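Numbering (this note's numbering), first residue to last: 78 to 319.
Printed below as a string of structure tokens:
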């Protein structure tokens, strides 16, 4: 059992996508437990967690301290997780899955109730920042015995972060086998944005605080990021109908 920590606003940006267990776990009343092998998944919807939704700290923030939520580990084949050409409302550069033949990424599945899924759709800004998709199950290798008939997820609309003709960039915090994209931390990606768009003599941390508080600036930067985006071709998912 482990208590879920709280993050400062700056940590929410620079620590993104946060620490996540590599085993099956249960969130309940603000605590993390090992998941019971006999857990009842009935009436729950399987949603692939690609970035911060892998992490107890983010799930607890989204669903509240009284929520119950099961999370199980999976390996996704021929895919990586990359920084997105966009900014979250709180200033982080989010992430998304991106096809990459030969790369295998370790992620997890959040098993949501219909009410939790409605909350997740709001936090993911479905139709604006992300599309709601259904995954090709042949790409998914489960690491926990759970009844997986369909797997849903979120795919970034903007595409992958690019910089001076380079990209996509994989996430350093997320483990992968045979990774082919260059890897960057959130701080490194934020530093790229800072050096390109910051016109004032302020620190990186001060620049991030300004991005968090100034929506007009955030929108302007996000628009510039999208102009340099790298888009995938053949995707291992399709538009979803639940």
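Heads up, the beta-carbon is just placed ideally off N, CA and C, and yes, glycines get one too.
In this text, all values refer to a predicted model and were calculated from it rather than measured experimentally.
Using DSSP with H/G/I as helix, E/B as strand and the rest coil, what is residue 234?
In this structure, DSSP gives residue 234 a state outside helix and strand, which the three-state scheme calls coil.
Taking C-beta to C-beta, are residue 284 and residue 232 nearer than 8 Å?
Cβ distance not < 8 Å, so residue 284 and residue 232 don't count as in contact.
With a Cβ-Cβ cutoff of 8 Å, do residue 312 and residue 133 count as a contact?
no
Name the one or two DSSP bridge partners that residue 207 has.
203 and 233
Taking the continuous beta strand (DSSP E) assigned at residue 102, which residues delimit it?
102-105
Taking 6 Å as the limit between beta carbons, can you name the residues of its chain near residue 317, skipping five residues before and five after?
209, 210, 211 and 229
Touching or not, the segment 281-298 and the segment 181-191, by the rule of three or more beta carbon pairs under 8 Å?
no
What separation, rounded to the nearest whole angstrom, lies between the Cα atoms of residue 185 and residue 115?
18 Å
Just to confirm, are residue 306 and residue 206 a CB contact at a threshold of 8 Å?
Taking a C-beta distance under 8 Å as the contact criterion, residue 306 and residue 206 do not qualify as a contact pair.
Between which two residues does the beta strand (DSSP E) carrying residue 131 extend?
Premise fails: residue 131 is in no beta strand (DSSP E) and is neither H nor E.
Taking buried to mean at least 16 other C-beta atoms within 10 Å of its own C-beta, is residue 95 buried or exposed?
buried
Where does residue 199 land, buried or exposed, given buried means 16+ other C-beta within 10 angstroms?
It counts as exposed.
Measuring straight from C-alpha to C-alpha, what distance separates residue 122 and residue 194?
8 Å
Check for me: the alpha helix (DSSP H) holding residue 297 runs from which residue to which?
292-304
Verify whether the separation of the beta carbon atoms of residue 145 and residue 105 is less than 8 Å.
Remark: C-beta atoms of residue 145 and residue 105 approach each other more closely than 8 Å.
Are residue 152 and residue 220 close, meaning C-beta to C-beta below 8 Å?
Cβ atoms of residue 152 and residue 220: closer than 8 Å.
Would residue 174 pass as an interface residue toward chain B - the criterion being a Cβ-Cβ separation below 8 Å?
Absence of chain B from the displayed structure is noted, only one protein chain being present.
Hey, out of 159, 178 and 202, whose CA is closest to residue 166's CA?
202
Taking the C-alpha atoms as reference points, what is the distance between residue 238 and residue 159?
Rounded to the nearest angstrom, the two C-alpha atoms are 8 Å apart.
Under three-state DSSP, which class holds residue 112?
coil
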